[in-house]
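Chemist:
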Amino acid sequence: MEQDANRIATYIRSEVDAKRRKFSDFLILTRKKHKRIVPYARALEALNIPIEVSGAGAFGQSEEVEALTVLLRALSDPQDPLALVAVLRGPLFGISDPELFAYKQCGGWFSIFASGDEATSADDSKPDSSPAASGGLAAASGGFPSTSGGLRLQAEDSDLVTGSRPAVRVTAALTALRQYYRWTRLLPAAAALDRILDHTGYLALAATTPGGVEAGDVLHAVDRVRQVVEEGSSLAGAADALEADSEERNEVESLPLEPGRTDVVRVMNLHKAKGLEANVVFLADPTGGFAPRVDVHIERRDLKAQGWFQVIRKSEDSFATTLLGQDADWEAHKAAELPYLEAEQDRLLYVAATRARELLVVSRFTGNQKSPAWGVLNDFLASAKELPIPTSATAPSVKALDCSTKAQTDSDGARLAAHEQVEAPSWSVTSVTAEAHHIARMTRAADATADDPTKVVSPGTPSHRADAGMAWGTLIHGLLEHAMRHKSATREDLRRLAMWMTVEEPRLRTVIDEALDTVERVGSADFWQVARDHSRSVESPFFVSESGRLTNGVIDLMFQGDGGWQVIDYKTDVALANKYADQLNAYRAALRKVGCEVADASVVSVRAQK
Amino acid sequence: MDPFVQQLAALCRAHVTRSKWVFVPTHAIGRTLGERIALDGTNWLNLRFVTPLDVALPMGAPFLVERGIEPSEEGLGAALIMRLLLDLPEDGGYFRSPRSRRTMTNPRPAASSP
């Protein structure tokens, strides 16, 4: 397989270097997923060929995702020593059983809170950023992939601190876990997980795998956690979801680390290739075939379905299985199922053979093998020409990254500038009434009238009048809207409506009769009759834009008079004069923008209507 | 532009003053749609984003209030449902008891108690 991978990589490199092809012209397919793609990714990367790996394994089979799941489990229940020990033994900390035993022998106990109150730093986000102030010491991180040195220990745990190195390592790991636990309590789960991945360097480590496949899985897992928690679930729920994904082994595929790149060689297993094409397709990994295996046979007759399967026990350390039981006619059922599986295999091979636009390259293995990867295709390759492959190809040298202080400073500056640009709003929204109030406040610095619209009841009036303020205005507007919409609305209809509209403000119910009188007074005005006889609209919302500034509002009443549209705005407060001139002008401008010519715009004081 | 937003914008341009009703699951979505249309260059008038509740309430609520039936306080819903469920008769009620529910391990419901 390595030889095949090297030859393919050499061919691609030489074709691209000779400018005969681009990287994106190539697609490499394997039959199996698990561990069959990695050698190809490695060979391509050795020649500095950009790749995009997908379907290298099922998401749930990822060891990195499994490690994250175990970590979430431990953080969700810090009292669970089994989950904690699983994390300590896992790849995040890599502590061996003898080390754990030694820690226990030193008097340690397996709990995130084991070492008592840690000597926390002032900045929670940097738990390992500075040495302990007094008595503490910096532990060697050992298997723990700390990004900036060891973790601080507390002086109180002197037995452990001064004890054996294994005990120190366990204590350091527990200190880190305690900090992670705090993050999960202070931050949204996905943000905490992002920080944990950053702090442990686990994501960076996963990105070093061929094609960054494992890092893609880790990011996928973080997204999954974000999704589950956003739906209201807990950390334990997120761990459950990841575990459930791992059980659906073949359903959730791995994702590429950087999806969407264009000029890359695509490497994937055959199942992912349906619908894809490329100019040159390699059917690689000639020894990675497998014979169809019957696991289950289902018969469907009429509305009934009946199935048969073998009961087997899988070995933990080999592929061997032990048969525990099977149907007496299992061989017959197996024989009945096999043609279906073989037909499915043929369909897959058809997919494989039809992905190439210009050149199909089938890797062959001339030695004996039970299950050649590309099966029946081999029978048709006798007359095919062998692909000429150069003996070697040279990977272009990669320019070392500039990590100088100046480069880092420039990079930080560019990042800050980009953030500032993104944070500056590209557009804003305001409302006509908000603008009118703003202008009114500017011109009348402290005009605390009895009609403060934020109050339901005005205490400034001799009778503590309820007929003032925003709630009163809302009631009157609602009643007027209903009365204008429904010509046949009676006083009783309006009273019923008023009772409902004052459910939240029962104090207004004492003045409902006054509100109904007000509506009737407005209803007898001249403009009301004109509006009723013409095309009209009540409580009409609008939204207009000018140079990235959006203005919205609601026009109480507009009707088409003889000379154009007439705009009416009801006011329930006492003062009138010219204080609403700007608001009316804003309405005119807005209507002009949508294409309506306004003949007149006026304010109607519903108190003054008599 | 999103095809739906595009259609709404075209509707606003074709029928400037007519009332246009758009049913939305939440007012926030309606507001976002309205902003999107304006930001994409179509100033609009009389486009009303309403939720089903906006339409249903004025139709039914005034008559309920008139009969003395007022809205329950927010948060009482769960307790109210619990009260209603507890008031259901145990025998012959609307819901089957958990014992009689079919499960993988209990494909046949238990016989009803005498």
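So the sequence lines, in the order shown, correspond to chains A and B. Once you know that position 595 of the first sequence is 595 in this note's numbering, the rest is easy, because the numbers rise by one and skip nothing. To get this note's numbering, take the position in the second sequence, counting from 1, and add 1000. Cβ atoms here follow ideal geometry from the backbone N, Cα and C, with glycine treated the same way.
Between the C-alpha atoms of valine 530 (chain A) and aspartate 493 (chain A), what's the straight-line distance to the nearest angstrom?
Modeler: To locate residue 530 (chain A), count along the first sequence from 1; it is residue 530. To locate residue 493 (chain A), count along the first sequence from 1; it is residue 493. For valine 530 (chain A) and aspartate 493 (chain A), the distance between alpha carbons rounds to 23 Å.
Chemist: Below 7 Å on C-beta distance, what does lysine 593 (chain A) contact in chain B?
Modeler: Counting from 1 along the first sequence, the entry for residue 593 (chain A) is found at position 593. Per Cβ cutoff of 7 Å: Asn1043.
Chemist: Out of A:Ala190, A:Gly232 and A:Glu2, point me to the one whose CA is closest to alanine 221 (chain A)'s CA.
Modeler: The residue labelled residue 221 (chain A) in the question sits at position 221 within the first sequence. With distances taken between Cα atoms, alanine 221 (chain A) lies closest to A:Ala190.
Chemist: Just by C-beta distance, which residues in the region 1071 to 1085 of chain B are closer than 8 Å to chain A?
Modeler: Within the region 1071 to 1085 of chain B, the residues whose Cβ lies closer than 8 Å to some Cβ of chain A are Pro1071, listed in chain order.
Chemist: Can you find the residues in the same chain that come closer than 8 Å, C-beta to C-beta, to valine 237 (chain A), ignoring five residues on each side of it along the sequence?
Modeler: The residue given as residue 237 (chain A) occupies position 237 in the first sequence. Sequence check: residue 237 (chain A) is glycine here, not valine. Closer than 8 Å at Cβ, skipping near neighbours: Val228 and Val229.
Chemist: Ordered along the chain, which non-local residues of its own chain (more than five positions away) have a Cβ less than 8 Å from that of leucine 330 (chain A)?
Modeler: Working through the first sequence from its first residue, we reach residue 330 (chain A) at position 330. Inspection of the sequence shows that residue 330 (chain A) is occupied by tryptophan rather than by leucine. For tryptophan 330 (chain A), where only same-chain residues beyond five positions count, the Cβ hits under 8 Å are Trp308 and Gln310.
Chemist: In the DSSP assignment, find the beta strand (DSSP E) that holds valine 503 (chain A) and state where it starts and stops.
Modeler: Mapped onto the first sequence, residue 503 (chain A) falls at position 503. No beta strand (DSSP E) holds valine 503 (chain A); DSSP gives it neither H nor E.
Chemist: Given a cut-off of 8 Å on the beta-carbon distance, is the pair valine 519 (chain A) and alanine 483 (chain A) in contact?
Modeler: Here residue 519 (chain A) refers to the residue found at position 519 when the first sequence is read from its first residue. Here residue 483 (chain A) refers to the residue found at position 483 when the first sequence is read from its first residue. Cβ atoms of valine 519 (chain A) and alanine 483 (chain A): closer than 8 Å.
Chemist: Could you check whether the region 504 to 520 of chain A touches the region 1007 to 1014 of chain B, counting it as contact only if at least three pairs of C-beta atoms, one from each stretch, sit closer than 8 Å?
Modeler: The region 504 to 520 of chain A vs the region 1007 to 1014 of chain B: no contact.
Chemist: Check whether the region 279 to 289 of chain A and the region 19 to 34 of chain A are in contact - that is, three or more C-beta pairs closer than 8 Å.
Modeler: At 8 Å Cβ cutoff, the stretches touch.
Chemist: Taking a cut of 9 Å between CB atoms, which residues from the region 1007 to 1022 of chain B lie near chain A?
Modeler: Under the 9 Å Cβ criterion, the region 1007 to 1022 of chain B contributes Cys1012, Arg1013, Val1016, Thr1017, Arg1018 and Ser1019.
Chemist: Using a Cβ-Cβ cut-off of 8 Å, state whether valine 544 (chain A) counts as contacting chain B.
Modeler: On the first sequence, residue 544 (chain A) is found 544 positions in, with the first residue counted as 1. Output row for valine 544 (chain A): interface = yes.
Chemist: Looking only at DSSP bridge pairs, what is glutamate 52 (chain A) linked to?
Modeler: The sequence position of residue 52 (chain A) within the first sequence is 52, counting from 1. DSSP, once it has assigned bridges, lists A:Arg266 as partnering glutamate 52 (chain A).
Chemist: Give the range of the alpha helix (DSSP H) segment to which glycine 1034 (chain B) is assigned.
Modeler: On the second sequence, residue 1034 (chain B) is found 34 positions in, with the first residue counted as 1. Start and end: 1027 to 1039.
Chemist: For glycine 325 (chain A), report the span of its beta strand (DSSP E) as first-last.
Modeler: Position 325 of the first sequence, counting from 1, holds the residue named residue 325 (chain A). From DSSP, the beta strand (DSSP E) with glycine 325 (chain A) extends over 321 to 325.
Chemist: To the nearest angstrom, how far is the alpha carbon of cysteine 106 (chain A) from that of alanine 173 (chain A)?
Modeler: Reading the first sequence from its first residue, position 106 is the one you call residue 106 (chain A). Reading the first sequence from its first residue, position 173 is the one you call residue 173 (chain A). Cα-Cα distance, rounded: 16 Å.
Chemist: Taking the straight line between their C-alpha atoms, what separation do you get for serine 246 (chain A) and serine 62 (chain A)?
Modeler: Locating residue 246 (chain A) in the first sequence gives position 246, counting from the first residue. Locating residue 62 (chain A) in the first sequence gives position 62, counting from the first residue. Computed Cα separation, rounded: 8 Å.
Chemist: Within 10 Å of its beta-carbon, does cysteine 403 (chain A) have 16 or more other beta-carbons around it, so buried, or fewer, so exposed?
Modeler: Sequence index remark: in the first sequence, residue 403 (chain A) carries index 403 (1-based). Exposed, by the Cβ-count rule.
Chemist: By the DSSP assignment, the beta strand (DSSP E) with histidine 333 (chain A) in it spans what residues?
Modeler: Position 333 of the first sequence, counting from 1, holds the residue named residue 333 (chain A). That residue, histidine 333 (chain A), is in no beta strand (DSSP E); its alpha helix (DSSP H) goes 330 to 353.
Chemist: Between which residues of its own chain and alanine 395 (chain A) is the CB-CB distance below 6 Å, once the five residues before and five after are set aside?
Modeler: As a working mapping, residue 395 (chain A) is identified with position 395 in the first sequence. Hits under 6 Å: Leu47 and Asn48.
Chemist: Taking only beta-carbon positions, decide if valine 429 (chain A) is within less than 8 Å of chain B.
Modeler: Walking along the first sequence from the start, residue 429 (chain A) turns up at place 429. Yes, because at least one Cβ of chain B sits closer than 8 Å to the Cβ of valine 429 (chain A).
Chemist: Tell me, please, whether the CB atom of phenylalanine 1004 (chain B) is closer than 8 Å to any CB atom in chain A?
Modeler: As a position in the second sequence, residue 1004 (chain B) is number 4, starting the count at 1. No, because no Cβ of chain A sits closer than 8 Å to the Cβ of phenylalanine 1004 (chain B).
Chemist: If we call anything under 8 Å between Cβ atoms a contact, is alanine 489 (chain A) one with leucine 475 (chain A)?
Modeler: As a working mapping, residue 489 (chain A) is identified with position 489 in the first sequence. As a working mapping, residue 475 (chain A) is identified with position 475 in the first sequence. Cβ atoms of alanine 489 (chain A) and leucine 475 (chain A): not closer than 8 Å.
Chemist: Check distances from the C-beta atoms of the region 503 to 514 of chain A to those of chain B and list, in chain order, the residues that come in under 7 Å.
Modeler: So the close ones are Val503.
Chemist: In this structure, what does DSSP give as the bridge partners for glycine 553 (chain A)?
Modeler: For the purposes of this step, residue 553 (chain A) is taken as the residue at position 553 of the first sequence. Answer by DSSP bridge pairing, in chain order: A:Phe542.
Chemist: By the criterion of Cβ-Cβ separation under 7 Å, what are the contact partners of leucine 1053 (chain B) in chain A?
Modeler: Along the second sequence, read from residue 1 onward, the residue named residue 1053 (chain B) stands at position 53. Residues of chain A passing the Cβ test: none, with the nearest at roughly 14 Å.
Chemist: Take serine 611 (chain A) as the anchor and find which of A:Asp97, A:Ala273, A:Asn279 and A:Ala86 has the nearest alpha-carbon.
Modeler: Beyond the ends of chain A as shown, which are 1 and 610, falls residue 611 (chain A); an answer cannot be given.
Chemist: With which residues is aspartate 569 (chain A) paired in a DSSP beta bridge?
Modeler: Taking the first sequence and counting its residues from 1, one reaches residue 569 (chain A) at position 569. DSSP lists A:Val603 as partners of aspartate 569 (chain A).
Chemist: List the residues of chain A whose Cβ lies closer than 7 Å to the Cβ of glutamate 1066 (chain B), in chain order.
Modeler: Here residue 1066 (chain B) is taken as the residue at index 66 of the second sequence, counted from 1. In chain order: Arg496 and Met499.
Chemist: Between which two residues does the beta strand (DSSP E) carrying leucine 283 (chain A) extend?
Modeler: The sequence position of residue 283 (chain A) within the first sequence is 283, counting from 1. Element bounds for leucine 283 (chain A): 278 to 283.
Chemist: Can you name the start and end residues of the beta strand (DSSP E) that lysine 1020 (chain B) belongs to?
Modeler: Stepping through the second sequence from its first residue, residue 1020 (chain B) is reached at position 20. Lysine 1020 (chain B) -> beta strand (DSSP E) spans 1020 to 1023.
Chemist: Of all the options B:Pro1062, B:Lys1020 and B:Arg1083, which has the alpha carbon lying nearest to the alpha carbon of valine 990 (chain B)?
Modeler: Residue 990 (chain B) lies beyond the range of chain B shown here (1001 to 1114); nothing can be said about it.
Chemist: Pick out whichever of A:Leu387, A:Asp346 and A:Gly561 has its Cα sitting closest to the Cα of valine 361 (chain A).
Modeler: The sequence position of residue 361 (chain A) within the first sequence is 361, counting from 1. Nearest C-alpha to valine 361 (chain A): A:Leu387.
Chemist: On the DSSP letters alone, give me the boundaries of the beta strand (DSSP E) that lysine 304 (chain A) sits inside.
Modeler: Counting from one through the first sequence, the residue named residue 304 (chain A) turns up at place 304. Per DSSP, lysine 304 (chain A) belongs to the beta strand (DSSP E) from 304 to 309.
Chemist: Does any C-beta atom of chain A lie closer than 8 Å to the C-beta of proline 1062 (chain B)?
Modeler: In the second sequence, residue 1062 (chain B) corresponds to position 62, counting from 1. With 8 Å as the cut-off, proline 1062 (chain B) counts as an interface residue toward chain A.
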